[in-house]
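Number of protein chains: 2
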Amino acid sequence: MIRMTKLADYGIVILTHMSMERQGSLHTAHDLAARSRVPVPTASKLLKSLTRAGLVLSHRGRHGGYGLARDPDTISVAEIIAAIEGPIGLTECGTGTEGACDMESFCAAKGRWAPINQAIERALQDVPLSAMRPQTPTGQMVRLGGIAEVAP
Amino acid sequence: MIRMTKLADYGIVILTHMSMERQGSLHTAHDLAARSRVPVPTASKLLKSLTRAGLVLSHRGRHGGYGLARDPDTISVAEIIAAIEGPIGLTECGTGTEGACDMESFCAAKGRWAPINQAIERALQDVPLSAMRPQTPTGQMVRLGGIAEVAP
DNA sequence: CCTATCGGGACCTTTTCGGTCCTGTTAGGC
DNA sequence: GCCTAACAGGACCGAAAAGGTCCCGATAGG
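Order-wise, the sequence lines are chains A and B.
Going by this note's numbering, the residue at position 72 of the first sequence is 72; the numbering climbs one at a time, nothing skipped.
Positions in the second sequence are counted from 1; adding 1000 to them yields this note's numbering.
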């Protein structure tokens, strides 16, 4: 199957939780890990990657934590995945890395992947983080016991 | 990065080579492996998977081999990947397998992946095998020394 | 019958994923 | 001004999967 790693998946879940709070509010790695049901060190590692990519802002020291750097509407799933896994693309071909494939000079499919990769990236860019929030059929968001849930 | 496995990549290269021959012609696993620069056992394994999926037909015995089951225009990249890697989807969620994810009841992104997965699958379904053949800018195909090459 | 070919596994090696831990560094609060 | 709660940045490790090899059986031309 075409898969992203669990790390990217977790990252999206964590950011989704962050997007459900007032923008600018801070959350500790521990807090976000608990809410997302992800081991704390793993969540911490993810948040570091996301910070380096500029998707979240970090504050150190007491009462520090992480907060979204931008409005959830302006953060795309493509960006999140790229921040955690690197450039998006089904193959090495066409992601910009030259010489990544040693079959390059004989490959029958050479150069044909770029449009496909672009189509997939476009599909992911079109999905903002805000669209990942659980919603009721009428578009209303609900929260139960601190954990985001789809309304029954 | 979002990646398909090398196996799927090789499979597409092999089928691309097959698609450049007269339809109905047979090629041994050994022959296809040599042309695609893939180890013979690996090519053989791939061809078995593709046969099981009905994308290629096999003939045993002397002068046996593999041939495309359908016109290259009617075989999509999505089908090829699915034949080798299984169902297409960025996450387990939404590929039909219930209970695959043990975070299901707490997942903030629950149910939001299906449209994304579908968008990607659609993008891959829209690319027929015939589109993977190397072509000149005018759409003409060239072959050099038995290996498909893009015209200089 | 003999041999080239596919069919279906078992099996091994390498990579990388997923996760842990440790040692700084920063900054608020007492 | 120290103390401590938080992030920063690695090193490291086990498990799982990918990638590849090999073997033996079945089939079908010659």
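Don't be surprised by glycine CBs; every beta carbon is placed ideally from N, CA and C.
Legend entry - Member of A:T5, A:A119, A:V13 and A:V127 whose CA lies at the smallest distance from the CA of A:D73: A:V127
Legend entry - Start and end residues, beta strand (DSSP E) containing B:V1056: Unbroken beta strand (DSSP E) run through B:V1056: V1056 to H1059.
Legend entry - Buried versus exposed, by CB contacts within 10 Å (16 or more), A:A114: exposed
Legend entry - DSSP three-state assignment for B:L1090, whether helix, strand or coil: Residue state, collapsed to three classes: coil.
Legend entry - Whether A:I75 touches A:I81 by CB criterion (8 Å): no
Legend entry - Within 9 Å of chain A by C-beta, residues of the segment 1027-1059 of chain B in sequence order: Within the segment 1027-1059 of chain B, the qualifying residues are R1035, S1036, R1037 and V1038.
Inset, instruction - Give a yes or no on whether 8 Å exceeds the smallest Cβ distance from A:E79 to chain B. - result: no
Inset, instruction - Note down, in chain order, each residue of its chain lying with its Cβ closer than 7 Å to the Cβ of B:M1004, except the 5 sequence neighbours on either side. - result: Cβ neighbours of B:M1004 beyond the five flanking positions: I1081 and E1085.
Legend entry - CB-CB length for B:L1007 against B:L1046, believed under 8 Å: B:L1007 to B:L1046, Cβ: 6 Å. Contact.
Inset, instruction - Determine, using beta carbons only, whether B:A1069 comes closer than 8 Å to chain A. - result: no
Legend entry - Sequence-distant residues of its chain with Cβ nearer than 8 Å to A:V165 (five each side left out): Residue 165 of chain A lies beyond the residue range present for chain A, which begins at 1 and ends at 152; the question has no answer from this structure.
Inset, instruction - Let me know the secondary structure DSSP gives A:H17 once reduced to three states. - result: Here A:H17 sits in helix by DSSP.
Legend entry - Beta-ladder partner(s) of B:H1063, from DSSP: According to the DSSP secondary-structure assignment, B:H1063 is paired through a beta bridge with no residue.
Legend entry - Three-state class that DSSP yields for B:L1026 in the structure shown: Annotated three-state conformation of B:L1026 is coil, per DSSP.
Inset, instruction - For my contact list, B:A1043 and B:S1036 are in at a C-beta cut-off of 8 Å; report their separation, rounded to the angstrom. - result: About 7 Å; that satisfies the 8 Å criterion.
Legend entry - 8 Å Cβ cutoff, A:D73 in contact with chain B: no
Inset, instruction - Quick one: grab the DSSP three-state call for B:R1003. - result: For B:R1003, the secondary structure class from DSSP, reduced to helix, strand or coil, is strand.
Inset, instruction - For the alpha helix (DSSP H) holding A:T42, just list the boundary residues, first then last. - result: V40 to R52
Legend entry - Short CB-CB distance (under 8 Å) between B:E1085 and chain A: yes
Inset, instruction - Give a yes or no on whether the minimum CB-CB distance between A:H17 and chain B is below 8 Å. - result: yes
Legend entry - B:A1083 and B:A1131 closer than 8 Å at C-beta: no
Legend entry - Chain-ordered chain A contacts of B:L1124 [CB-CB under 9 Å]: I2, L90, I116, A119 and I120
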